[in-house]
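Residues 23 to 290 in the numbering used here are what the sequence shown spells out, letter by letter. Ideal Cβ positions, reconstructed from N, Cα and C, are used throughout, including at glycine. As the structure is a prediction and not an experimental result, all values here were calculated from the model. These notes are about the structure you will find just below.
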Amino acid sequence: MDASGDRAPNADGPLARASELVAASKRIVAFTGAGISAESGIPTYRDSDDSLWTQYDPDKFANIHYFMQDSSLYWRFFQDVRYQVMATAEPNPGHFALAQMERAGRLRALITQNIDGLHQKAGSEHVIELHGNTRSIRCLACGERYTMEVVYQQLQEELPPPCKACGGLLKPEVVFFGEALPANALNAAAEEASSCDLLISIGSSLQVYPAAALPEQAKARGARLIVVNKTPTPFDGIADVVLREASGSVLPVFAAEAERTSANGDAP
Ligand code: NAD
């Protein structure tokens, strides 16, 4: 730690190598997964023994086939667990660091698999959401949209909650297992991954496709790859630097480096 409380990278360590890549890159893209929001209290799917996902199997509670058969299963989960977690979560230093890099003009795009809206809450503006956002709920029949707060109130009386306009089935604007990703978001993400010179993959197990293919795509087009993830990923072998650390402590170091290089006019 230095006097300001920021972490000082060991000159020869992987954090210093990663910081050098950040300093030397012109077109940086961040790719985030559930791990970046873990420090905000939102459980990930694949790495913890957290009781949430032992009680509620995500392959079942976020599966379009189960949902269409009986949406009350999902809505009960939303009422009992999901709403409270999403409504109270706040961005952590990892989210704020990415917003800071964008403001410094050093982050070209932020591609996220997360559905929690915490990047936007932290101040990031150019966010590509590959899996939608749980804060918005839409009627599958008439297209009417509701906030999650409105539907949560409705759930106290009706389960599953019908659309107030037409009585149709409501679904969060989240991509469930078994559904296609929004084409616009996927195309925009592929474009950013193909044209960046550094992709930083953060808090993703890189197991959910097609999103997980983006780091490989960037690498194939000549970009550098930094993986920040607490546990090993299938793409660690092709990464230029792997940091098995918490995103909330690593990303502020990158943000400080990005800000320092733009303030000095050293940014490439
Ligand atoms: P994942 O659960 O498969 O993997 C998360 C990874 O983050 C793990 O490998 C874990 O080791 C790592 N991790 C945990 N805490 C970390 C930290 N503090 N710093 C760095 N790494 C950390 O998540 P995924 O790859 O995003 O895929 C899961 C899918 O589930 C996504 O498609 C996403 O839509 C959805 N999901 C979203 C949220 C959310 O919006 N916050 C939460 C759970 C799941």
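Bridge pairing for residue 161: 192 [DSSP].
The beta carbons of residue 107 and residue 280 sit no closer together than 8 Å. Pairing residue 252 with residue 82, the inter-Cα distance amounts to about 26 Å.
For residue 86, the enclosing alpha helix (DSSP H) covers residues 86 to 91.
Put simply, the backbone Cα of residue 91 is about 19 Å away from that of residue 164. The DSSP-derived three-state label of residue 173 is helix.
For residue 131, the enclosing beta strand (DSSP E) begins and ends at 131 to 134.
Taking the CA atoms as reference points, residue 218 sits about 44 Å from residue 182. Between the alpha carbons of residue 277 and residue 153 lies a gap of roughly 26 Å.
Three or more beta-carbon pairs separated by less than 8 Å link the segment 44 to 59 to the segment 236 to 248, which places the two stretches in contact.
Nearest C-alpha to residue 59 among 47, 202, 104 and 111: 111.
No Cβ-Cβ contact shorter than 8 Å links residue 249 with residue 272. Residues 241 of the same chain have their beta carbon placed closer than 6 Å to that of residue 260, with the five preceding and five following residues left out of the count. A distance criterion of 7 Å places the beta-carbon of residue 117 beyond contact range of the ligand NAD, judged by its closest non-hydrogen atom. Counting only residues of its own chain and dropping the five nearest sequence neighbours on each side, residue 126 has a CB closer than 6 Å to the CB of 280, 281 and 284. For residue 224, DSSP records a beta bridge to 54 and 250. Inter-segment contact for the segment 183 to 195 and the segment 210 to 226 is absent: fewer than three beta-carbon pairs are separated by less than 8 Å. Put simply, the backbone Cα of residue 189 is about 39 Å away from that of residue 131.
For residue 151, the enclosing beta strand (DSSP E) starts and ends at 149 to 151. Assigned with DSSP and collapsed to three states, residue 199 falls in strand. Around the beta-carbon of residue 231, fewer than 16 other beta-carbon atoms lie within 10 Å, marking it exposed. Taking all protein chains shown into account, residue 202 has fewer than 16 neighbouring C-beta atoms within 10 Å of its C-beta and is therefore exposed.
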